[in-house]
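Engineer: One structure is given below, represented as structure tokens, and several questions about it will come after.
Protein chains: 2
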Amino acid sequence: MNLEPSTRESVAEMLRTRGITPTHQRIEIALVLLEKRWHPSADQILAAVNVRCAETSKATVYNTLKLFLDKGLVRELIVDPNKVFYDSNTSVHHHFYDVVSGEITDIAAAGVRVDGLPPLPAGMVPAGIDIIVRTRPGL
Amino acid sequence: MNLEPSTRESVAEMLRTRGITPTHQRIEIALVLLEKRWHPSADQILAAVNVRCAETSKATVYNTLKLFLDKGLVRELIVDPNKVFYDSNTSVHHHFYDVVSGEITDIAAAGVRVDGLPPLPAGMVPAGIDIIVRTRPGL
DNA sequence: TTGGAACCTGGACTTTGTCTAATTGGATTT
DNA sequence: AAATCCAATTAGACAAAGTCCAGGTTCCAA
Ligand SMILES: [Mn+2]
Ligand SMILES: [Mn+2]
Ligand SMILES: [Zn+2]
Ligand SMILES: [Zn+2]
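Protein chains in written order, with the working numbering: chain A, 1 to 139; chain B, 1001 to 1139.
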């Protein structure tokens, strides 16, 4: 997903492009995911979608996130033992993770090079490399 | 933790070295963690410790894992959305993760080089780099 | 022998996420 | 416009992983 000025209509169009019927709830969730560069959990998304009044259910948030994941609109970040975070930036990149505050920051993939990895286990095909640089507030 | 022929006594000694009073349960759990090169979840550890008869409780397994983690005997692997895995190999290394079977394989750190990472966010200090190479059974 | 500290335990509880059966709503047909 | 249909949504029950606590056990030192 790209970070551009997102009107409800442009988001609907983008969903259609990817073969997703743009319902009210799906548009709201997509808007929340795109509204800024962040890495929200399902809970945060639910809360953000329902700031004004409850219009979307927990089940729909989970259903929609799984749908978006499936259609490649969103990426899961497994970084915290307690919850999954969602990343609307689907281009290849990596993350800083502040183990104290839980804050996540993007690392652009351009320039990052990993050398010397051994060959994959027999019969395996690559499905992505995650680099997580864990950090802590300085001494 | 090191992978050596582990008698109950040698494990007890090792725990003492790290300032951990070696109780029956803690020794059993350490033995399970060391018995082979694997990356068990808390559940698997509980099961393994209790193969013969139930001698250790869930609470103790979680308490002990947290204690071991604290004392640097064990490392957490955050790789699966559903459960934490524990790694008795505390030397710096990385992992293959088969997203289908869930199998985890070590990648020796020797030879792996990461270049071009941006500077850490202001005021942050490094707390470790995790590289997870996700794989899938071939086409 | 007794007192205390550390340790262990069952089970209640919390959090995150899944599932299902019932309902809604919007497009399509008539 | 009314009826129809089906995908999407929903409340709430459920499941899995993990935490917490109050009471019980063990062990050691005095
Ligand atoms: Mn958890
Ligand atoms: Mn979960
Ligand atoms: Zn990101
Ligand atoms: Zn490992």
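Just so it is clear, CB atoms sit at the ideal spot from N, CA and C, and this is done for glycine as well.
1) Does the beta-carbon of A/Asn82, which I'm using as the reference point, lie nearer than 7 angstroms to any heavy atom of ligand 1?
2) Let me make sure I understand the geometry here. Which of A/Thr64, A/Thr60 and A/Val99 has the alpha-carbon closest to that of A/Val79?
3) Let's test the definition: count the other Cβ atoms within 10 Å of the Cβ of B/Ala1030 and tell me whether it reaches 16, buried, or not, exposed.
4) Helix, strand or coil, according to DSSP, for B/Ser1101 in the structure here?
5) Short of 6 angstroms in beta carbon distance, which residues of its chain neighbour A/Val133, apart from the five on each side in sequence? Order them along the chain.
6) Once DSSP output is grouped into helix, strand and coil, what is the label at A/Val60?
7) Any beta carbon of chain B sitting closer than 8 angstroms to that of A/Asp115?
8) Pick from B/Gln1025, B/Ala1127 and B/Ala1048: whose alpha carbon is nearest that of B/Lys1036?
9) Just to confirm the assignment: which complete beta strand (DSSP E) runs, minimum length 3, are found wholly within the segment 1005 to 1075 of chain B?
10) Pairs of beta-carbons, one from the segment 1004 to 1013 of chain B and one from the segment 1047 to 1064 of chain B, closer than 8 angstroms: are there three or more?
11) According to DSSP, is A/Gly123 helix, strand or coil?
12) May I ask you to list the residues that DSSP assigns as paired with B/Asp1106?
13) With three or more beta-carbon pairs closer than 8 angstroms as the criterion, would you say the segment 53 to 62 of chain A touches the segment 21 to 29 of chain A?
Structural biologist: Reading it off the structure:
1) Here residue 82 of chain A corresponds to residue number 82 of the first sequence, with the count starting at 1. Yes, Cβ of A/Asn82 sits closer than 7 angstroms to a heavy atom of ligand 1.
2) On the first sequence, position 79 is the one that residue 79 of chain A refers to. Ranking A/Thr64, A/Thr60 and A/Val99 by Cα distance to A/Val79 puts A/Val99 first.
3) Counted from its first residue, the second sequence places residue 1030 of chain B at position 30. Looking at its Cβ environment, which holds 16 or more other Cβ atoms inside 10 Å, B/Ala1030 is buried.
4) As a first step, residue 1101 of chain B must be located in the second sequence, where it is residue number 101. DSSP places B/Ser1101 in coil when its eight states are reduced to three.
5) Counting from 1 along the first sequence, the entry for residue 133 of chain A is found at position 133. If we look at A/Val133 and ignore the five residues flanking it on each side, its Cβ neighbours are Phe96.
6) For the purposes of this step, residue 60 of chain A is taken as residue 60 along the first sequence, with counting starting at 1. A small fix is needed here, since residue 60 of chain A is Thr in this sequence, not Val. Three-state result, A/Thr60: helix.
7) One-based indexing of the first sequence puts residue 115 of chain A at position 115. Answer yes: the Cβ-Cβ gap between A/Asp115 and chain B drops below 8 angstroms somewhere.
8) Along the second sequence, one-based indexing puts residue 1036 of chain B at 36. It is B/Ala1048.
9) none
10) no
11) Here residue 123 of chain A refers to the residue found at position 123 when the first sequence is read from its first residue. Note: A/Gly123 maps to coil in three-state DSSP.
12) Taking the second sequence and counting its residues from 1, one reaches residue 1106 of chain B at position 106. Partner(s): B/His1095.
13) yes
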